[in-house]
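J.: Residue numbers (the numbering used here): 1 to 120. Would you mind keeping the following structure in view while I ask a few things?
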Amino acid sequence: LSKKTQWYLDSGCSKHMTGDKSLFVKYESKEGGEVTFGDNAKGKIKGVGSIGNLKTSIHNVLFVDGLKHNLLSISQLCDKDCKVIFEKDLCKVIDINSGQVKFIGHRQLYLQLGLYNFYI
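Shown next, in the form of structure tokens:
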């Protein structure tokens with residue numbers, strides 16, 4: 001993943017999702033289904049796949065038509081045996097089985113993630 005790509009950790013989001021189809025390295029069209037956002041707006045699911053490269057990848061990411069932000073689901077991370085730790089200026093996602101830090105996000109006006117060895 002590019003460090004220029006901004007991802008937001010979302011505690012209310014049940015699935016990882018993006019509106020940027022160019023991020024996918026593996027993609028499968030999936031017509032049908034929709035997601036509902038916090039303001040009750042809806043987005044159509046157009047596909048699912050993996051984003052990243054050999055060192056950093058995130059699987060089961062939904063492609064949602066028109067979504068303006070990239071969202072990482074905290075619950076989906078936790079379901080994959082990760083814990084999410086928020087500190088004053090950063091956030092860590094840690095594999096609870098190995099203790100390995102999967103990625104660290106540094107706080108700015110938004111949470112910008114620099115991803116490292118991320119296989120979920």
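Note that CB positions come from ideal geometry on N, CA and C, so glycine has one too. Everything numeric in this text was worked out from a predicted model, so none of it was measured.
For Lys-92, which option in Ile-104, Asp-81, Gly-99, Ser-98 has the closest C-alpha, if you only look at C-alpha atoms?
T.: Lys-92 has its Cα closest to that of Ile-104, out of Ile-104, Asp-81, Gly-99, Ser-98.
J.: Going by DSSP in three states, Ile-96 sits in which element: helix, strand or coil?
T.: In the structure shown, Ile-96 sits in coil (DSSP, three-state: anything other than H, G, I, E or B).
J.: So His-16 and Gln-76 are in contact, right, with Cβ under 8 Å, and what is the actual spacing, rounded?
T.: Right, their Cβ atoms sit about 6 Å apart.
J.: In the DSSP assignment, the alpha helix (DSSP H) including Asp-79 goes from what residue to what residue?
T.: Segment 74-79, the alpha helix (DSSP H) holding Asp-79.
J.: Assuming Lys-26 contacts Gly-47 under a Cβ cut-off of 8 Å, what Cβ separation, rounded to an integer in Å, is found between them?
T.: Their Cβ separation, rounded to whole angstroms, is 10 Å, which puts Lys-26 and Gly-47 out of contact at 8 Å.
J.: In chain order, what residues of the same chain have a beta carbon less than 7 Å from the beta carbon of Asp-95, not counting five sequence neighbours either side?
T.: Here the set comprises Asp-81, Cys-82, Lys-102.
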